[in-house]
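Positions 356 to 1011 (the numbering used here) are the ones given, in order, by the sequence shown.
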Amino acid sequence: MRTQRLGATISLVLFLILLPALSVTGMELLERGSWHATMDWISSNQSLYLLNVGLTFCLLAFIYAVVGSLAISGAISTLLLGLMALISYMKVTMIGEPFFPWDILLNKESMDIASLVTGKAAMVRIGAIAASIIFVLALRWVIPRTTIPIIARIGLGLFSLYALYAFGIKTPLAGKILDHAGVSEIIWNQQENYANNGTTLAFTLNVKNSIVKKPDTYSNESIAAVAASLEASTQKEPAVKKASVDMLQGKKPNVIFIMSEAFWDPTLLTNVTFSEDPVPTIHRLQKESSSGYLLSPQFGGGTSNVEFEVLTGNSMSFLPGGSIPYQQYVSKPVPSLASYFADQGYKSMGIHSYEGWFWDRNTVYKQLGFESFKSSEHFVNPETKGYFISDAEVSRNIIDEVDKTEDPMFIYTVTMQNHGPYDDPRYGENQFKAEGNLTPQAKTILETYAQGAHDADQSLQMLIDHFQNSDEPTMIVFYGDHLPMLGLDYQVYKEAGFISTSNANDWSLEEVKKMHSIPLVTWSNFDMPKQDIPLLSDSFLGAHVLDMLHMEKPANFALNAELAAKVPGLLSNLVVDQDQTLHAKAPESVQPLLDDYRNVQYDLLFGKQYLASYIDHDYLTKASQPSYNAEFDNPDTKLRATGGSSPPEATPASVQ
């Protein structure tokens, strides 16, 4: 019996050591895609590998302390770690970002995105995870059964839980261990962070990034200085500057923002030509109206982060890499363009041709000061094209809302029709044929995307045709949220020679700029001077539009305008100065102004709202509108499709 107990104890120890080691190796193999790359990382980063194994051991030990069965605990641990590696692999493949702790909050969004991912590589990985779980469960009939006293299990569980907590928030002791192991946390480039440190360790280190650290320069005094500077700048503005209502004979113009899903100009691809111009309206407006390029913080996904920048004037550059403000930070009223225009007598409305729960817009739009939000649930018998509600249907809804509303409108529109993936010719026979050194798969992807981009272009023309003959002054601001994901690993961009490598970590600053630059065009049915906008960050667009309309800017947008004059382009890994010179980080000359910008952003989102005690108090502390979405949520006025049933849901290809 003593021999049996000794054997069981040895089996327990070996299981708790070997399974974490094998799990980490398997996770890195799932992520990196090759045995050679995995073993090269392990041999070159032994201390990092051991840290990953240690964290995995803590997870397994905690589960074992709760469950009490070795094999079942191992199976649960294998399932959790396998899913983490699989989701991270899919996210990197799709949009170049790994799996973050806050992705767990996405709920339905995660499932919806996952349904769009298919392919042999993903299926092989799913099969490998399933086989591993079955193998671990089978060990239940092989390894000797053993039990440890309940007190020991509780102690093991508490120790494991504390260790995970310590590394998650980086306690002083954990920090010393990380420093001794040579851990270098690369917050601004999370793909490289995961590749260098390993998936388990990088994921754990990101837990603390769910809470934004207070800037060292943030204080009541620093915010007071910003407020004084802004007031001084306002007093220096020319007295002849008149509001837009004066130049339009007392009428306030409708202001319509259209953020077109994944809209980009495919003719910008090098070494590729099309049978005809897919975006003629955009190209005409680039010659006739104010136009240029926006610098997006996203690629291939993360639409809500672009909305966040445009609507609030805040920058993703000061937030943890991969974070999602709509999910994490917008839990109270936040000043935005919507609340500003509402103060000016406008009806602020959001329109989105997808379901309102996505990215938590139903709640967030209320906090941003919108009066109403028209999501796909409130479209009546909508036209669909491809997988989603068509862009033409969105334009018709914009026209309908403006025509039936007496007050001037601020509308923030988000379309959905041309959402990826594009590897299926979902529009039938594509009108636009691409020619170039492309594989058949890349050619199909590009032609499908070009067809969708054309439809977006024509939906813009539909709006222009309508408001051209309207007696209501109207301005349209049209742009995309990010470049489209044209195949896995940037396939089309690489084959077309637009970028030199599919490894984003090796891109030059010029390539980073190209892969984040989105066409911006404007149009109005009243005279506005034409402006060329070489490059402008999304977070500065609101201030620029208010200037174009000669509207007084509130404090945070006034600060944006000051910074944009010196640093028009701002990403976490790219700064573009007023001369269009590219920098990996901000020049020292603009750092004080950047600090002011960051302090104000922190003050509004997380701080004590010092700014509101010095300037623009009513705007900066404005509560959400009490009648938010009453026109849609009230059962007596809620729009329904013919026959009283809900409008049909547009679904992705895999669901159809």
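Virtual Cβ for every residue (Gly too), placed ideally from N, Cα, C.
Pick from the options that is closest to residue i, judged by C-alpha positions
i: Phe895; options: Asn858, Pro652 and His638; result: Pro652
i: Ser487; options: Tyr777, Lys525, Thr636 and Gly429; result: Gly429
i: Ala476; options: Asn400, Arg953, Arg508 and Asp844; result: Asp844
i: Lys729; options: Val379, Leu436, Trp396 and Asn984; result: Asn984
i: Leu793; options: Tyr804, Val422, Phe833 and Gln846; result: Gln846
i: Asn785; options: Tyr549, Lys531, Gly741 and Glu710; result: Gly741
i: Pro981; options: Leu723, Ser670, Leu674 and Ala939; result: Leu723
i: Phe618; options: Asp812, Phe370, Thr829 and Ser389; result: Asp812
i: Ser694; options: Ser703, Lys687 and Leu960; result: Ser703
i: Leu925; options: Met614, Val661 and Ser644; result: Val661
i: Val769; options: Ile744, Lys759 and Ile489; result: Ile744
i: Tyr767; options: Lys798, Arg508 and Glu664; result: Glu664
i: Gly807; options: Lys788, Ile566 and Tyr782; result: Tyr782
i: Leu420; options: Ile509, Leu438, Leu373 and Asn609; result: At residue 420 the sequence reads Ala, which differs from the Leu that was named. With distances taken between Cα atoms, Ala420 lies closest to Ile509.
i: Val567; options: Leu890, Gln699, Tyr701 and Ile679; result: Ile679
i: Met614; options: Tyr974, His905 and Gly897; result: Gly897
i: Glu756; options: Asp458, Asn609, Ser402 and Met439; result: Asn609
i: Gly553; options: Met439, Asn407, Pro675 and Gly423; result: Asn407
DSSP-derived helix/strand/coil call for residue i
i: Met906; result: coil
i: Ile372; result: helix
i: Leu624; result: coil
i: Tyr709; result: coil
i: Leu567; result: According to the sequence displayed, residue 567 carries Val and not Leu. Three-state DSSP puts Val567 in coil, outside helix and strand.
i: His837; result: coil
i: Phe629; result: strand
i: Phe895; result: helix
i: Val595; result: Low local confidence applies: a pLDDT of 37 at Val595 is under 50, so the model's placement there is unreliable, and no value is given.
i: Glu984; result: The question names Glu, but residue 984 in the sequence shown is Asn. DSSP places Asn984 in coil when its eight states are reduced to three.
i: Gly852; result: coil
i: Tyr965; result: coil
i: Phe455; result: coil
i: Ala420; result: helix
i: Gly842; result: coil
i: Ser858; result: According to the sequence provided, residue 858 is Asn. The question's Ser does not apply to it. Three-state result, Asn858: coil.
i: Ile578; result: helix
i: Pro635; result: helix
i: Ile442; result: helix
i: Lys606; result: coil
i: Phe734; result: coil
i: Phe618; result: coil
i: Pro1007; result: The predicted position of Pro1007 is uncertain, since its pLDDT is 38 and thus under 50; a value taken from the coordinates is nonetheless stated next. Note: Pro1007 maps to coil in three-state DSSP.
i: Thr589; result: helix
i: Met771; result: coil
i: Gly783; result: coil
i: Tyr573; result: coil
i: Asp826; result: coil
i: Glu943; result: helix
i: Ser979; result: coil
i: Thr761; result: The displayed chain sequence assigns Glu, not Thr, to residue 761. It is coil, neither helix nor strand.
Residue i, enclosing alpha helix (DSSP H) - first and last residue
i: Thr799; result: Pro795 to Gln823
i: Met394; result: Trp390 to Ser399
i: Phe1043; result: Since the first residue shown for the chain is 356 and the last is 1011, residue 1043 is missing from the structure and cannot be characterised.
i: Pro527; result: Pro527 to His535
i: Ser487; result: Lys475 to Ala493
i: His972; result: His972 to Leu975
i: Ala507; result: Ile505 to Ile524
i: Asp958; result: Gln946 to Leu960
i: Arg716; result: Arg716 to Gln722
Run of the beta strand (DSSP E) containing residue i, from where it starts to where it stops
i: Ala789; result: Ala789 to Gly791
i: Asp887; result: Asp887 to Ser892
i: Asn609; result: Asn609 to Ser615
Cross-strand partners of residue i (DSSP beta bridge)
i: Met704; result: Ser727 and Ile766
i: Ile744; result: Thr739
i: Ile831; result: Ile611 and Trp878
i: Ile873; result: Leu649
i: His938; result: Val930
i: Gly924; result: Val931
Heavy atom of the ligand NAD within 8 Å of residue i beta-carbon
i: Asp620; result: Within the structure as shown, the ligand NAD is missing, as the structure has no ligands at all.
**OP:** Could you pull out every unbroken alpha helix (DSSP H) segment of at least 4 residues lying fully inside the region 638-694, listed in chain order?
**Re:** 658-667 and 680-683
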